[in-house]
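Asks: My questions all concern the structure below.
Structure below.
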């Protein structure tokens, strides 16, 4: 609808972002690790997320993505970092929280309605 918008230029391929020659490598010493995540559909899941790199959580509908991030990891980090009150879903242990100074929940609410 807006052929001159920045988004449409990238979608049409008239604008692009080149892949950098060198990529940031995963540092095994900089990980956020959770063990025993067991809320809803999670079955004692162990994960390791690299710190400082873009990470995406994917899976089929009902596989536990929201439980893992929204109900377990975010509440646990919020509690640790700034006294959040929401209890996290069941998990055994999270290590690597000392590598963060804040956590922000960006949900799918329309812009202007997110607190």
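Residue numbers (the working numbering): -10 to 104. Ideal placement from N, C-alpha and C gives every residue a C-beta, glycine not left out. Note that this is a predicted model, so its numbers are computed, not measured.
Pick out the complete beta strand (DSSP E) segments inside the segment 43 to 70, 3 residues or longer, and give them in chain order.
Replies: If we require 3 residues or more, the segment 43 to 70 turns out to have no beta strand (DSSP E) run fully inside it.
Asks: Can you pull the DSSP bridge partners for residue 107?
Replies: No answer is possible for residue 107: it lies beyond the span of the chain, which begins at -10 and ends at 104.
Asks: Relative to the C-alpha of residue 96, which residue among 68, 58 and 9 is closest?
Replies: The candidate whose alpha carbon is nearest that of residue 96 is 58.
Asks: Distance check for residue 24 and residue 33, CA to CA, integer angstroms please.
Replies: Taking the straight line joining both Cα atoms gives about 7 Å.
Asks: Taking the beta carbon of residue 53 as the centre, do at least 16 other beta carbons fall within 10 Å, making it buried, or is it exposed?
Replies: Buried: at least 16 other Cβ atoms inside 10 Å.
Asks: Would DSSP call residue 86 helix, strand or coil?
Replies: If DSSP states are grouped into helix, strand and coil, residue 86 belongs with the helices.
Asks: Under DSSP, the beta strand (DSSP E) around residue 37 begins and ends at which residues?
Replies: That run of the beta strand (DSSP E) goes 34 to 39.
Asks: May I ask you to verify whether the segment -2 to 15 touches the segment 55 to 74, counting CB pairs closer than 8 Å and requiring at least 3?
Replies: These segments do not touch.
Asks: Taking Cβ to Cβ, would you say residue 88 is nearer than 8 Å to residue 0?
Replies: No. Outside cutoff.
Asks: Specify the secondary structure class of residue -2 as computed by DSSP and reduced to three states.
Replies: Helix, per DSSP.
Asks: Quick one: what does DSSP say residue 72 is sitting in, helix, strand or coil?
Replies: Looking at residue 72 - three-state DSSP - the assignment turns out to be coil, as it is neither helix nor strand.
Asks: CA-CA distance, residue 83 and residue 42?
Replies: Answer to the nearest angstrom: the Cα atoms are 18 Å apart.
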